[in-house]
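Here is the structure we will look at.
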């Protein structure tokens, strides 16, 4: 029990990593990028290609594809999303859905149906573990979890304390007024897309390191990212982090109940949160709400 | 400084601003007067770039800005304080002000000078603007626009929703702008205050300019007549 909880938290780190890019794009540009998972797989293939061709460590290759994915993000925004958003809220969803299909099939055509993994390039690290209180904890999942914390924490710090972060928040809050203040909303959107794609590159690599992937593995990644985002609430990146962990724990509990309950457990948790979010005031989900209530109670007493 | 010629702004089929022309020179203080729905805010928003222009031309400092983005216009020195303040309410006063300096134009305005111009903001520096009083919000909105060091400041309904005392404060602080030679175009519902503050008065009615005179050449009665469409020139247009 304890073991599966710990493993679930580690898996949750991966989910948080995939989800943060999706949530970030939704927060800033109000776009649900359905090509998110496919782009993660694309970057996993890119890392695999570079690692294989240049005989590098995957950790070095991922640094090399970060700028590539950033440029892809920039182009994605300028060429596709910017035009699509002009056509209403539904159009970006349809466009990115189409893009996902295109990417999946191009990958299939290029790389075939074989599953691939980055773990062979890691050497011993892929199975090395720490032993803590009788639990075996894989080093790699720990690295992924720490990466998730660093990425989300870094994004959070950038958003909070840098001029760029302020401009991103202002654009997300009210793009018209942001323009009147002198913020170039187009530039900010392009930068945000580039940032989101860099997190996608990292999450795709994490997927390849933890397990295997093939051309059509994008769908499940998108699903996990989406579920984690909804559970955690799209408004805060730390919420998404928590959402990823809750999702993974629900999946593990599902798997304990029934061997095939892994995905079902996650879906069930997702639906609970979805309906809770629809029917309750969104305040209920914020820590502030509960603390404020407690303070009021104390005042009354 | 600003030249508007034959400007048309539409919401779908509805022509909110029709064939408006005006010239505003450097150092002018112009108040724009008109009933609700006369097209004042629409005109100001179109000048600031928040609304697309259907036809006509807009020149700012001899440069065509008819189709440039609002952020580009801020960069050129044209800044709008929007109606209803439109602050980023989940950010602090300081963050809102800093956002105003996104375009790095040189000038005298910096965050400390804003705080000395609007002393009521000093103690709210790190408060979220959503929790401020109307006067403090308005001061923040004006401060945010000033942070871009504009040559031309447009103020839309600065006194809306503020108590008379606070309105006095806001206008007092704007006197210093006047002295600094900033060109100002403002919408003000209080006719007497508008006439006291501005050098020139423009009155709009149903999307058209019906009166455009130096404040010293006109009087309250004439403006009131134009406001309600009783002005001789507008009668001719109507017939």
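Chains as they are written, first to last, in this note's numbering: chain C, 1412 to 1712; chain H, 4 to 242.
Using N, Cα and C, we set each Cβ at its ideal position, and we do this for glycine too.
(request) Return no unless some Cβ of chain C is closer than 8 Å to the Cβ of residue 1(H). (result) Since the displayed chain H opens at 4 and closes at 242, residue 1(H) lies outside it and no answer follows.
(message) Pull the bridge partners of residue 27(H) from the DSSP assignment, please.
(response) Here residue 27(H) corresponds to residue number 24 of the second chain, with the count starting at 1. Bridge partners of residue 27(H): 5(H).
(message) Just to confirm, is the Cβ distance from residue 1570(C) to residue 1579(C) under 8 Å?
(response) Numbered from 1 along the first chain, position 159 holds the residue referred to as residue 1570(C). Numbered from 1 along the first chain, position 168 holds the residue referred to as residue 1579(C). Yes, the Cβ-Cβ distance between residue 1570(C) and residue 1579(C) is below 8 Å.
(message) Please state the DSSP three-state secondary structure of residue 158(H).
(response) Taking the first residue of the second chain as 1, we reach residue 158(H) at position 155. Three-state result, residue 158(H): strand.
(request) Per DSSP, which residues does residue 1541(C) bridge with? Please list them. (result) Mapped onto the first chain, residue 1541(C) falls at position 130. Under DSSP, residue 1541(C) forms a beta bridge with 1548(C).
(request) Leaving out five residues on either side along the sequence, give the residues of the same chain with a beta carbon under 8 Å from the beta carbon of residue 212(H). (result) The residue labelled residue 212(H) in the question sits at position 209 within the second chain. The residues are 23, 24, 25, 205, 206.
(request) Return the first residue and the last residue of the beta strand (DSSP E) that residue 33(H) is part of. (result) Within the second chain, the letter at position 30 stands for residue 33(H). Its beta strand (DSSP E) spans residues 32-37.
(message) Bridge partners for residue 20(H) per DSSP, in chain order?
(response) As a first step, residue 20(H) must be located in the second chain, where it is residue number 17. Bridge partners of residue 20(H): 12(H).
(request) Identify the continuous alpha helix (DSSP H) that holds residue 1450(C) and give its terminal residues. (result) Residue 1450(C) sits at position 39 when you count from the first residue of the first chain. Run containing residue 1450(C): 1447-1465, per the alpha helix (DSSP H) assignment.
(message) With three or more beta-carbon pairs closer than 8 Å as the criterion, would you say the stretch 172-180 of chain H touches the stretch 95-105 of chain H?
(response) The answer is no - the stretch 95-105 of chain H does not touch the stretch 172-180 of chain H, with fewer than three Cβ pairs under 8 Å.
(message) Rounded to whole angstroms, what is the Cα-Cα separation between residue 1451(C) and residue 1522(C)?
(response) Working through the first chain from its first residue, we reach residue 1451(C) at position 40. Working through the first chain from its first residue, we reach residue 1522(C) at position 111. Between residue 1451(C) and residue 1522(C), the C-alpha separation is close to 15 Å.
(request) State the DSSP-derived secondary structure class of residue 1500(C), mapped to helix, strand or coil. (result) To locate residue 1500(C), count along the first chain from 1; it is residue 89. Per DSSP, reduced to three states, the secondary structure at residue 1500(C) is coil, with no helix or strand assignment.
(request) Can you give me the Cβ contacts of residue 160(H) inside the same chain, cut-off strictly under 6 Å, excluding the 5 residues immediately before and after it? (result) Walking along the second chain from the start, residue 160(H) turns up at place 157. 86, 190, listed in sequence order.
(request) Since I believe residue 196(H) is in contact with residue 217(H) (beta carbons under 8 Å), could you give me their beta-carbon distance rounded to a whole number of angstroms? (result) As a working mapping, residue 217(H) is identified with position 214 in the second chain. As a working mapping, residue 196(H) is identified with position 193 in the second chain. So it is not a contact: roughly 17 Å between Cβ atoms.
(request) Look at the alpha carbon of residue 151(H) and the alpha carbon of residue 73(H), and state the distance between them as a whole number of angstroms. (result) The count along the second chain starts at 1 and reaches residue 151(H) at position 148. The count along the second chain starts at 1 and reaches residue 73(H) at position 70. Straight-line Cα distance between these residues: approximately 13 Å.
(message) So residue 91(H) contacts chain C; which residues on that side make the cut at Cβ distance below 9 Å?
(response) As a position in the second chain, residue 91(H) is number 88, starting the count at 1. Per Cβ cutoff of 9 Å: 1577, 1580, 1581, 1584, 1585, 1588, 1589, 1592.
(message) By the three-class DSSP mapping on this structure, what secondary structure does residue 88(H) have?
(response) For the purposes of this step, residue 88(H) is taken as residue 85 along the second chain, with counting starting at 1. Reduced to three states, the DSSP call for residue 88(H) is coil.
(request) Would you kindly report the start and end of the unbroken beta strand (DSSP E) that includes residue 214(H)? (result) Translated into the one-based positions of the second chain, residue 214(H) becomes position 211. In the DSSP annotation of this structure, the continuous segment of the beta strand (DSSP E) that includes residue 214(H) starts and ends at 211-217.
(request) State yes or no: is the C-beta of residue 1591(C) within less than 8 Å of the C-beta of residue 19(H)? (result) Here residue 1591(C) refers to the residue found at position 180 of the first chain. Here residue 19(H) refers to the residue found at position 16 of the second chain. Not in contact: residue 1591(C) and residue 19(H) (Cβ atoms no closer than 8 Å).
(message) Closer than 8 Å is the cut-off here; do at least three beta carbon pairs connect the stretch 1642-1657 of chain C with the stretch 1482-1499 of chain C?
(response) Using a C-beta cut-off of 8 Å, the stretch 1642-1657 of chain C makes no contact with the stretch 1482-1499 of chain C, since fewer than three inter-stretch Cβ pairs fall below that distance.
(request) Take residue 1519(C) and list the residues in its own chain whose beta-carbon comes closer than 6 Å to its own, dropping the five residues that flank it on each side. (result) Mapped onto the first chain, residue 1519(C) falls at position 108. So the qualifying residues of the chain are 1626.
(request) Would you mind sorting residue 229(H) into buried or exposed? The rule is 16 or more other CB atoms within 10 Å of its CB. (result) Here residue 229(H) refers to the residue found at position 226 of the second chain. Residue 229(H) is buried by the Cβ-count criterion.
(message) Please return the same chain residues whose Cβ sits closer than 6 Å to the Cβ of residue 1430(C), not counting the five positions on each side in sequence.
(response) In the first chain, the residue the question calls residue 1430(C) occupies position 19. 1636, 1639, 1640, 1651, 1655, listed in sequence order.
(request) May I ask you to list, following chain order, the residues of the stretch 1513-1538 of chain C that have a beta carbon less than 7 Å from some beta carbon of chain H? (result) Within the stretch 1513-1538 of chain C, no residue has a Cβ that lies closer than 7 Å to any Cβ of chain H.
(request) Quick one: which residues of the stretch 102-115 of chain H get their C-beta closer than 7 Å to a C-beta of chain C? List them in chain order. (result) Going along the stretch 102-115 of chain H in chain order, one finds 102, 103, 105, 106 with a Cβ nearer than 7 Å to chain C.
(message) Is it buried or exposed, residue 1574(C), if we count other Cβ atoms within 10 angstroms and call 16 or more buried?
(response) For the purposes of this step, residue 1574(C) is taken as residue 163 along the first chain, with counting starting at 1. Exposed is the call here.
(request) Determine which residues share a DSSP beta bridge with residue 205(H) and list them. (result) For the purposes of this step, residue 205(H) is taken as residue 202 along the second chain, with counting starting at 1. According to DSSP, residue pairing for residue 205(H) in a beta bridge involves 35(H), 215(H).
(request) Please say whether residue 124(H) and residue 144(H) have beta carbons closer to each other than 8 Å? (result) Along the second chain, one-based indexing puts residue 144(H) at 141. Along the second chain, one-based indexing puts residue 124(H) at 121. Their beta carbons are not under 8 Å apart, which means residue 144(H) does not touch residue 124(H) by this criterion.
(request) Would you mind stating whether residue 120(H) and residue 96(H) have Cβ atoms separated by less than 8 Å? (result) Along the second chain, one-based indexing puts residue 120(H) at 117. Along the second chain, one-based indexing puts residue 96(H) at 93. For the 8 Å CB-CB criterion, residue 120(H) and residue 96(H) do not form a contact.
(request) For residue 1567(C), decide whether its Cβ has a neighbour in chain B, counting only Cβ atoms nearer than 8 Å. (result) Chain labels in this structure do not include chain B; the protein chains are C and H.
(request) Could you have a look at residue 106(H) and say whether DSSP puts it in helix, strand or coil? (result) For the purposes of this step, residue 106(H) is taken as residue 103 along the second chain, with counting starting at 1. Note: residue 106(H) maps to coil in three-state DSSP.
(request) Pick out whichever of 1458(C), 1449(C), 1664(C), 1517(C) has its Cα sitting closest to the Cα of residue 1432(C). (result) Your numbering for residue 1432(C) matches position 21 in the first chain. Checking every option, the nearest Cα to that of residue 1432(C) belongs to 1449(C).
(request) Tell me residue 62(H)'s beta-bridge partners as DSSP assigns them. (result) Along the second chain, one-based indexing puts residue 62(H) at 59. Partner(s): 6(H), 67(H).
(message) When you compare the stretch 80-94 of chain H with the stretch 1617-1634 of chain C, are there three or more beta-carbon pairs, one atom per stretch, that lie closer than 8 Å?
(response) No, because fewer than three Cβ pairs between the stretch 80-94 of chain H and the stretch 1617-1634 of chain C fall closer than 8 Å, the two stretches do not touch.
(request) With a 10 Å radius around its C-beta and 16 neighbouring C-beta atoms as the bar for buried, classify residue 40(H) as buried or exposed. (result) Taking the first residue of the second chain as position 1, residue 40(H) is located at position 37. The residue is exposed, with fewer than 16 neighbouring Cβ atoms inside 10 Å.
(request) From the DSSP output, in three-state form, read off residue 1529(C) for me. (result) As a first step, residue 1529(C) is located in the first chain; it is residue number 118 there, counting from the start. Looking at residue 1529(C) - three-state DSSP - the assignment turns out to be coil, as it is neither helix nor strand.
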